[in-house]
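In what follows, a single structure is set out as structure tokens and then discussed.
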DNA sequence: TCAAAAGTGTTCCGAATACACCCATGA
DNA sequence: TCATGGGTGTATTCGGAACACTTTTGA
């Protein structure tokens with residue numbers, strides 16, 4: 005067989021973001037086997053012949069975290085010749101968003117003896133392979149998606165307060181927004197509706213709970229660049 | 005070897021757009037061999053082990069068209085299990101933009117006895133594999149890029165008139181813009197500068213030629229949605 | 001009564017929109 | 001002189017930005 009007919013390996017890697025304790029976090033796994041044994045990496049694995057890329061990403065994600073039904077989208081495909089020392093490997097990166105309630109669930113013990121852990125994006129270890137680059141790109145995409153689409157709602161529980169919503173934006177952009185302008189904007193976009201519930205047992209004026217009306221990920225320009 | 009260790013094949017497909025004769029066109033090749041023999045398809049081919057994905061895309065593009073140094077960006081990776089009847093094949097789609105002068109060059113005779121031809125996107129044939137879907141997505145991305153970045157300049161010669169620039173937008177969006185507002189916007193973005201040249205031999209007032217000042221593809225929100 | 005977050009309006013400014021006429025050239 | 005596209009300005013409207021105080025609850 006000629007060189008050009010040999011096949012590269014194909015993997016999927018899933019960058020999983022969530023917001024916990026007022027911080028943006030990403031899920032990493034410690035590699036149990038070489039190469040990069042003991043180094044943190046983005047969770048992922050080989051694509052099987054009988055599953056689509058998205059199915060592979062969903063399967064790996066469930067294997068690592070036990071969570072299903074999260075927001076998942078393809079990020080980018082990384083295919084530099086020497087990105088994996090074991091041989092030519094192309095990885096299709098996905099990024100996933102988990103709402104704060106699901107993220108609190110205990111991480112499933114992983115099958116391949118590696119540990120999984122949430123890391124704040126402000127205190128990341130160096131990652132295996134080209135995963136630093138992949139993560140950096142995922143963050144860029146995340147911010148972009150927050151600006152122009154409604155994915156924020158995939159990181160919130162079904163019912164939430166407008167302050168929680170605003171906090172999520174502030175965490176992702178690492179920037180404060182004006183409360184009145186923020187609420188005016190969100191309400192004018194007609195994205196949310198009041199529920200009849202209010203949050204109880206808070207030691208301040210109890211906030212109203214809202215729910216999301218539209219399709220997650222829809223493009224709407226929630227926040228303009230620089231606002 | 006177990007099922008999950010068999011490897012899929014990996015190809016790149018390149019959707020090449022250009023604007024010719026006031027129409028948005030895409031380059032297609034007629035397949036010379038089965039499957040889908042005689043059907044039009046997006047140009048592409050297998051990724052070799054010693055080249056990155058982008059290198060593979062550039063190589064295939066040059067083999068098909070003879071053009072080099074075009075705007076090229078990764079579009080999306082398509083990996084449904086049955087998208088290729090020959091067996092599991094994942095394709096990394098790229099999209100490329102060629103300026104009108106380069107696009108006028110004669111298409112190189114292709115090596116694998118297939119013909120290449122420019123098709124207006126308003127009169128497309130049915131395509132092989134899942135290429136209809138890929139092309140549809142590429143068009144979406146193209147429009148998005150026109151709205152928010154400066155890629156339009158990759159479809160223009162080095163020196164161009166503001167009317168040519170506006171025409172390109174009108175063709176891509178299939179929509180007219182107001183001449184005064186368009187020029188005001190472009191000039192306020194500080195993207196172009198007057199050259200000392202004017203276009204000669206036109207049977208009307210000769211237009212000034214402009215050149216592009218910045219990096220192609222930079223995000224600038226040239227046209228707001230709905231403008 | 002205090003602490004903590006919820007909730008609420010107005011003014012100002014810049015950018016987007018709508019809109020019509022004169023200019024320079026080749027045929 | 002005519003046809004063809006080049007080139008230009010203003011008034012209006014809309015949305016973004018800045019900004020501070022009162023309300024409600026639990027501790």
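Protein chains in written order, with my numbering: chain A, 5 to 231; chain B, 5 to 231.
Virtual Cβ for every residue (Gly too), placed ideally from N, Cα, C.
Remember, predicted model here, so these are calculated numbers, not experimental data.
### Task
Give me the Cα-Cα distance between residue 159 of chain B and residue 211 of chain A, rounded to the nearest whole angstrom.
52 Å
#### Entry: Under 8 Å by beta carbon: chain A residues contacting residue 232 of chain B
With chain B represented from 5 up to 231, any question about residue 232 of chain B goes unanswered, as that position is not in the structure.
### Query
Between the segment 87–104 of chain B and the segment 7–24 of chain B, do three or more beta carbon pairs fall short of 8 Å?
yes
### Message
Less than 6 Å between C-beta atoms, sequence neighbours within five positions excluded: which residues of the same chain meet that for residue 40 of chain B?
### Response
132
#### Entry: residue 117 of chain B in three-state terms, based on DSSP
Residue placement at residue 117 of chain B is flagged as unreliable, the pLDDT there being 49, under the threshold of 50; a coordinate-derived value is accordingly withheld.
### Query
Is the CB-CB distance between residue 34 of chain B and residue 44 of chain B below 9 Å?
yes
### Message
List, in chain order, every chain B residue whose beta-carbon is nearer than 8 Å to that of residue 96 of chain A.
### Response
81, 83, 94
### Query
Within the 9 Å Cβ cut-off, does residue 19 of chain B reach chain A?
no
### Query
How is the alpha helix (DSSP H) around residue 157 of chain A delimited, first residue to last?
Per DSSP, residue 157 of chain A belongs to no alpha helix (DSSP H) and is neither H nor E.
### chain B contacts made by the segment 127–144 of chain A, where a contact means CB separation under 8 Å
none
### Task
Note the first and the last residue of the continuous beta strand (DSSP E) segment covering residue 233 of chain B.
Not covered by the structure: residue 233 of chain B. The range shown for chain B is 5 to 231.
### Query
What are the partner residues of residue 49 of chain A, as DSSP defines its beta bridges?
A:16
### Task
Give the residues of chain B in contact with residue 13 of chain A, contact being defined as C-beta atoms less than 7 Å apart.
11
#### Entry: DSSP-derived helix/strand/coil call for residue 215 of chain A
strand
### Query
Are the beta-carbon atoms of residue 9 of chain A and residue 50 of chain B separated by less than 9 Å?
yes
### Query
Can residue 203 of chain A and residue 213 of chain A be called in contact, C-beta distance under 9 Å?
yes
### Under 9 Å between C-beta atoms of residue 75 of chain A and residue 226 of chain A
no
### Task
Could you tell me whether the segment 85–92 of chain B touches the segment 168–180 of chain B, where touching means 3 or more Cβ pairs closer than 8 Å?
no
### Task
Identify every residue that forms a DSSP beta bridge with residue 131 of chain B.
B:44
### Query
If contact means a Cβ-Cβ distance below 9 Å, which residues of the segment 50–61 of chain A contact chain B?
50, 51, 52, 53, 54, 55, 56, 57, 58, 59, 60
### Task
For residue 223 of chain A, count neighbouring Cβ atoms within 10 angstroms of its own Cβ and tell me buried if that reaches 16, exposed if not.
exposed
### Task
Can you tell me which of the three DSSP states residue 189 of chain A falls into?
helix
### Residue environment, residue 117 of chain A, which counts as buried when at least 16 other CB atoms sit within 10 Å
Model confidence at residue 117 of chain A stands at a pLDDT of 49, short of 50, so the residue's coordinates are unreliable; what they give is reported in the following sentence. Counting Cβ neighbours within 10 Å, residue 117 of chain A comes out exposed, since fewer than 16 surround it.
### Message
Give me the DSSP bridge partner(s) of residue 94 of chain A.
### Response
A:14
#### Entry: Same chain, Cβ closer than 7 Å to residue 198 of chain B, neighbours up to 5 away in sequence not counted
212, 214
### Task
Just grab the DSSP bridge partners of residue 101 of chain B for me.
B:21, B:75
### Task
Would you identify the three-state DSSP class for residue 180 of chain B, choosing helix, strand or coil?
coil
### Task
Following the continuous alpha helix (DSSP H) through residue 62 of chain A, name the residue where it begins and the one where it ends.
57–69
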